[in-house]
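Novice:
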Amino acid sequence: MSATQEILQRVQRVLMTTYDPPPIVLARGDGVWAYDLDGNRYLDFAGGLGVNILGHCHGEVTAAIQEQSAALAHTSNLYLHAGHVQLGARLCAVTGLDRVFLCNSGTEAVEAALKLARRFHHERGDVRTEFVATRGAFHGRTLGALSVTGQPVYQTGFGPLLTGVHHVPFADIDAMRNVVGPRTAAVIIEPIQGNSGVLLPPPGYLAALRDLCESASTLLIIDEIQTGMGRTGEWFAYQHAEIQPDIVTLAKAVGGGLPLGAMLARESIAKAFVSGAHGTTFGGNPVACAAGLKTLDVIGRDGLLHHATRLGREALAMYQELRTLPDVVEVRGLGFMIGIELRSDVGPLREACRKRGLLVTAAGKKVVRLLPPLIAQREHFAEALVILRAALAAS
Ligand SMILES: *Cc1c(COP(=O)(O)O)cnc(C)c1O
């Protein structure tokens with residue numbers, strides 16, 4: 001029995017069955033490449049679900065992690081450490097927001113955002129407890145975040161969820177106008193829906209939503225957990241629309257591969273989180289902060305936003321040739337976030353890619369999602385295209 005088979009057999013007995021048994025066991029990674037236990041090499045365009053924004057084991061991020069973990073690995077929030085404040089300041093600078101709360105995951109960032117929105121209105125004596133979200137949205141798995149997630153597949157059997165949550169079709173501003181009202185605490189939205197298929201709203205949608213929230217005196221929460229940290233060619237996808245959100249949630253790539261989440265807000269809103277109102281034991285962990293800080297440094301220093309804009313545009317144009325294949329409906333995306341919509345279910349294609357040495361993720365039932373690291377070069381996109389073409393012909 002191979003080492004991989006042995007692990008796969010034990011998985012069935014040990015782990016909860018929340019994930020379909022994955023076909024491979026990864027052993028190490030190096031830049032755009034991942035290697036399994038049997039020594040097979042993969043071009044990793046799944047990127048740990050978009051987490052590995054600088055690829056696997058970036059030398060400087062690894063060194064920062066090693067250094068920090070040897071100096072001080074955990075403090076809790078009873079004591080400060082410099083990295084927490086330094087990372088917070090950097091995140092405020094890149095988002096254009098004033099204050100930050102650090103946590104450990106995306107769902108926690110969303111949870112904090114929902115709580116802050118309610119608390120903000122409460123402090124003002126305004127009875128606004130409801131949320132408006134979009135169908136197909138993905139905001140996380142804890143009960144609050146799950147309530148604003150707009151996909152029954154994740155919600156079935158977990159009710160009752162939060163009351164007063166309204167879901168409207170994505171990218172439909174009139175539908176928003178019809179439900180945003182005097183009880184709305186906040187509207188929460190992904191600037192590009194990631195999990196449900198790399199769906200881009202039409203130009204002007206986010207700006208119109210910003211105006212709508214303003215005139216309805218409600219808050220706009222932008223969930224940048226997947227689209228943030230340079231993924232789309234700007235630090236944050238809302239910057240393409242030239243709007244300023246009230247609250248932003250971050251996770252995935254923000255920790256440079258380590259578990260880290262962040263929720264940022266404007267000053268007037270953030271002050272509703274008075275001492276003791278919210279907290280977390282691990283949030284702002286020194287090692288995760290060190291990895292996050294180094295990741296921000298490298299993205300900025302190496303011009304990776306520009307790289308993602310330029311090469312992302314080129315790759316998207318190059319990948320349009322896939323539309324000549326009968327199973328491909330559309331190829332869309334922004335920066336290093338690309339979705340290939342199929343007529344058939346995505347499972348067999350994902351497997352055919354893996355067998356040919358390419359890791360990709362599924363988004364929804366029919367979309368292949370590519371989330372390559374920002375260090376990927378033209379030749380990597382070209383190689384992935386060759387594999388996708390062959391896999392589409394075979395699957
Ligand atoms: C992944 C994701 C989340 C949830 O993040 P977790 O770290 O898995 O809790 C929330 N929102 C969006 C847009 C995401 O892509």
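Numbering of the sequence shown is given in my numbering, commencing with residue 1 and proceeding in unit increments. Backbone N, C-alpha and C fix where the C-beta goes; we use that ideal spot for every residue, glycine too.
Taking the straight line between their C-alpha atoms, what separation do you get for L116 and T4?
Specialist: If you number the sequence shown from 1, residue 116 lands on position 116. If you number the sequence shown from 1, residue 4 lands on position 4. Distance between the alpha carbons of L116 and T4 is about 45 Å.
Novice: Give the single residue among T75, G164, G257 whose Cα lies nearest to the Cα of A64.
Specialist: Counting from 1 along the sequence shown, the entry for residue 64 is found at position 64. Comparing Cα positions, the closest option is G257.
Novice: Once you ignore the five residues that flank Y205 on each side, which residues in its own chain have a CB closer than 7 Å to its CB?
Specialist: Against the sequence shown, residue 205 aligns to sequence position 205. Once the five neighbours on either side are set aside, the close Cβ partners of Y205 are A171, I173.
Novice: Mapping DSSP to helix, strand and coil, what is E234?
Specialist: Residue mapping note: residue 234 aligns to position 234 of the sequence shown, counting from 1. It is coil, neither helix nor strand.
Novice: Can A251 be considered in contact with ligand 1, in the sense that its beta carbon sits closer than 7 Å to one or more heavy atoms?
Specialist: Against the sequence shown, residue 251 aligns to sequence position 251. True, at least one ligand heavy atom lies under 7 Å from that Cβ.
Novice: Please classify Y319 as buried or exposed, where buried requires at least 16 neighbouring CB atoms within 10 angstroms.
Specialist: In the sequence shown, counting from the first residue as 1, residue 319 sits at position 319. When all chains shown are included, Y319 counts as buried.
Novice: Please determine, among V328, R99, V254, the residue with the shortest C-alpha to C-alpha distance to V287.
Specialist: By one-based count along the sequence shown, residue 287 stands at place 287. Cα-wise, what sits closest to V287 is V254.
Novice: Quick check on Y35: does DSSP put it in helix, strand or coil?
Specialist: The count along the sequence shown starts at 1 and reaches residue 35 at position 35. Of the three classes helix, strand and coil, the one that applies to Y35 here is strand, per DSSP.
Novice: Would you list, in sequence order, the uninterrupted alpha helix (DSSP H) runs of no fewer than 4 residues that lie entirely inside the region 48 to 105?
Specialist: 59 to 71, 82 to 95, all fully within the region 48 to 105.
Novice: Say the cut is 7 Å; is the CB of E60 nearer than that to a heavy atom of ligand 1?
Specialist: By one-based count along the sequence shown, residue 60 stands at place 60. Flag unset: Cβ of E60 not near ligand 1.
Novice: When you compare each of E214, G157, P201 to P182 by their alpha carbons, which one comes out closest?
Specialist: Reading the sequence shown from its first residue, position 182 is the one you call residue 182. Of the candidates E214, G157, P201, the one whose C-alpha sits nearest the C-alpha of P182 is E214.
Novice: I think V298 touches E60, with their Cβ atoms under 8 Å apart; what is that distance to the nearest whole Å?
Specialist: Walking along the sequence shown from the start, residue 298 turns up at place 298. Walking along the sequence shown from the start, residue 60 turns up at place 60. With a Cβ gap of about 6 Å, V298 and E60 count as contacting.
Novice: How long is the line joining the alpha carbons of L359 and R350, rounded to whole angstroms?
Specialist: On the sequence shown, position 359 is the one that residue 359 refers to. On the sequence shown, position 350 is the one that residue 350 refers to. Approximately 7 Å, taken between the alpha carbons.
Novice: On the DSSP letters alone, give me the boundaries of the beta strand (DSSP E) that G339 sits inside.
Specialist: Counted from its first residue, the sequence shown places residue 339 at position 339. That run of the beta strand (DSSP E) goes 337 to 342.
Novice: Throw me the rounded Cβ distance for the V226 and G194 pair, which I believe falls under 8 Å.
Specialist: Taking the sequence shown and counting its residues from 1, one reaches residue 226 at position 226. Taking the sequence shown and counting its residues from 1, one reaches residue 194 at position 194. One point to set straight first is that residue 226 is Gln, not Val, in the sequence displayed. Q226 to G194, Cβ: 4 Å. Contact.
Novice: State yes or no: is the C-beta of I247 nearer than 7 Å to some heavy atom of ligand 1?
Specialist: Here residue 247 corresponds to residue number 247 of the sequence shown, with the count starting at 1. Flag unset: Cβ of I247 not near ligand 1.
Novice: Per DSSP, what kind of secondary structure is Q155 in: helix, strand or coil?
Specialist: Indexing the sequence shown from 1 puts residue 155 at position 155. Q155: helix per DSSP, three-state reduction.
Novice: Report the rounded CA-to-CA distance for T144 versus T95, giving the unit in angstroms.
Specialist: Stepping through the sequence shown from its first residue, residue 144 is reached at position 144. Stepping through the sequence shown from its first residue, residue 95 is reached at position 95. The displayed chain sequence assigns Gly, not Thr, to residue 144. Between G144 and T95, the C-alpha separation is close to 24 Å.
Novice: At a cut-off of 7 Å, would you count H139 as near ligand 1, judging by its Cβ distance to the nearest heavy atom?
Specialist: The sequence position of residue 139 within the sequence shown is 139, counting from 1. Correct: H139 has its Cβ closer than 7 Å to ligand 1.
Novice: Tell me the DSSP secondary structure of I188 in three-state form.
Specialist: Position 188 of the sequence shown holds residue 188. In this structure, I188 counts as strand in the three-state DSSP scheme.
Novice: Counting pairs of Cβ atoms below 8 Å between the region 30 to 45 and the region 353 to 372, do you hit three or more?
Specialist: In short, these stretches touch, since the Cβ pair count reaches three.
Novice: Distance, Cα to Cα, L8 vs P22?
Specialist: By 1-based counting over the sequence shown, the position of residue 8 is 8. By 1-based counting over the sequence shown, the position of residue 22 is 22. Roughly 8 Å between the two C-alpha positions.
Novice: Leaving out five residues on either side along the sequence, give the residues of the same chain with a beta carbon under 8 Å from the beta carbon of D345.
Specialist: In the sequence shown, residue 345 corresponds to position 345, counting from 1. So the qualifying residues of the chain are K365, K366.
Novice: In angstroms with no decimal places, state the Cα-to-Cα distance between A270 and L219.
Specialist: Position 270 of the sequence shown, counted from the first residue, corresponds to residue 270. Position 219 of the sequence shown, counted from the first residue, corresponds to residue 219. Cα-Cα distance, rounded: 12 Å.
Novice: Under a Cβ-count criterion, where at least 16 other Cβ atoms within 10 Å of its own Cβ denotes burial, should Y238 be classed as buried or exposed?
Specialist: Position 238 of the sequence shown, counted from the first residue, corresponds to residue 238. By the neighbour-count rule (16 or more Cβ atoms within 10 Å), Y238 is buried.
Novice: With H, G and I counted as helix, E and B as strand and the rest as coil, what does DSSP make of I173?
Specialist: Taking the sequence shown and counting its residues from 1, one reaches residue 173 at position 173. Helix, per DSSP.
Novice: At a cut-off of 7 Å, would you count P195 as near ligand 1, judging by its Cβ distance to the nearest heavy atom?
Specialist: Walking along the sequence shown from the start, residue 195 turns up at place 195. Looking at the sequence provided, one finds Asn at residue 195 rather than Pro. Yes, since a heavy atom of ligand 1 falls inside the 7 Å radius drawn around the Cβ of N195.
Novice: Please name the residue in G312, L322, R135, D36 whose C-alpha comes closest to that of G333.
Specialist: Within the sequence shown, residue 333 is the residue found at index 333, counting from 1. It is G312.
Novice: Quick check: the region 280 to 296 against the region 77 to 90, are at least 3 beta-carbon pairs closer than 8 Å?
Specialist: Result yes; three or more Cβ-Cβ pairs closer than 8 Å.
Novice: For H278 versus A112, is the C-beta distance shorter than 8 Å?
Specialist: Here residue 278 corresponds to residue number 278 of the sequence shown, with the count starting at 1. Here residue 112 corresponds to residue number 112 of the sequence shown, with the count starting at 1. A contact, by the Cβ cut-off of 8 Å.
Novice: One question on the structure: do L161 and V187 come within less than 8 Å of each other, judged by their Cβ atoms?
Specialist: Looking up residue 161 in the sequence shown gives position 161. Looking up residue 187 in the sequence shown gives position 187. Contact: no.
Novice: What's the gap between the Cα of S395 and the Cα of N104?
Specialist: The residue given as residue 395 occupies position 395 in the sequence shown. The residue given as residue 104 occupies position 104 in the sequence shown. So the alpha carbons of these two residues sit roughly 38 Å apart.
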